[in-house]
Amino acid sequence: MSKKQQEKVKHSGPERSVVTTNRKARHDYEILDTYEAGMVLSGTEVKALRQGRGNIVDAFAEIHNGEARVHNFHIPEYDYGTWTNHPPRRIRKLLLHRGEIAKLAGRLDESGITLVPLSVYFLNGYAKMELGLARGRKNYDKRQAIAKRESDREIERAMGRAAKRGGK
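Heads up, the sequence shown stops at 168 in full-length UniProt numbering, and the numbers go up one at a time, no gaps.
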């Protein structure tokens, strides 16, 4: 790659590599708002995440004593770690601005609102977590969401087919 191409790549925007996502959360919850939070991690946790290991399916976040924390975020032990390895399911602190924490604390006091981790990724070398302020869905709401998504897909397919026929 030439130097010019390297400069283009370097200035093309933030580099984001996704480690894990919680697809079930988008199905079970209606996402009202999203937040990006940094995480306080140990060295072996970061190395395990860089290997693409981590599970946030059962994870949830809370505001406790003015701090955002995530529970049940499973990062398996690093394979090449020694006695310095981390416990896989420890409570990890999330890094948010004070105003965001205050706003989230106010919203979480409402009935039926929770803070759900949606994805974990690296952004410019830093481990980040995307959090969703969410309201739980009932079963019939889930079915309606699935039906709407499928009908939207069918409309897109029909429009694509019509565009292809019209272009020939």
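We put the beta carbon where it would ideally sit given N, CA and C, even for glycine.
* To do: Compare the Cα-Cα distances from A61 to each of E150, S151, L131 and L41 and report the closest residue.
  => L131
* Buried versus exposed call for H86 [16 or more other C-beta atoms within 10 Å across all chains shown] -> buried
* **Host beta strand (DSSP E) of A61 (start-end)** => F60 to H64
* To do: Flag this pair as yes or no: are the beta carbons of V19 and L41 separated by less than 7 angstroms?
  => no
* **Cross-strand partners of K128 (DSSP beta bridge)** => G38 and Y121
* Can you tell which of P117, D79, A59 and A163 has the C-alpha that lies nearest to the C-alpha of D33? -> P117
* To do: Mind checking which residues open and close the alpha helix (DSSP H) that includes H27?
  => R23 to D28
* By DSSP, does I31 sit in helix, in strand, or in coil? -> strand
* Three-state secondary structure assigned by DSSP to I113 -> strand
* Roughly how many whole angstroms lie between the Cα atoms of R69 and L94? -> 5 angstroms
* Please go through the UniProt region "Disordered" (148-168) and give each complete beta strand (DSSP E) segment of 3 or more residues, from N-terminal end onward. => none
* Asked: Three-state secondary structure (DSSP) at T20?
  -> strand
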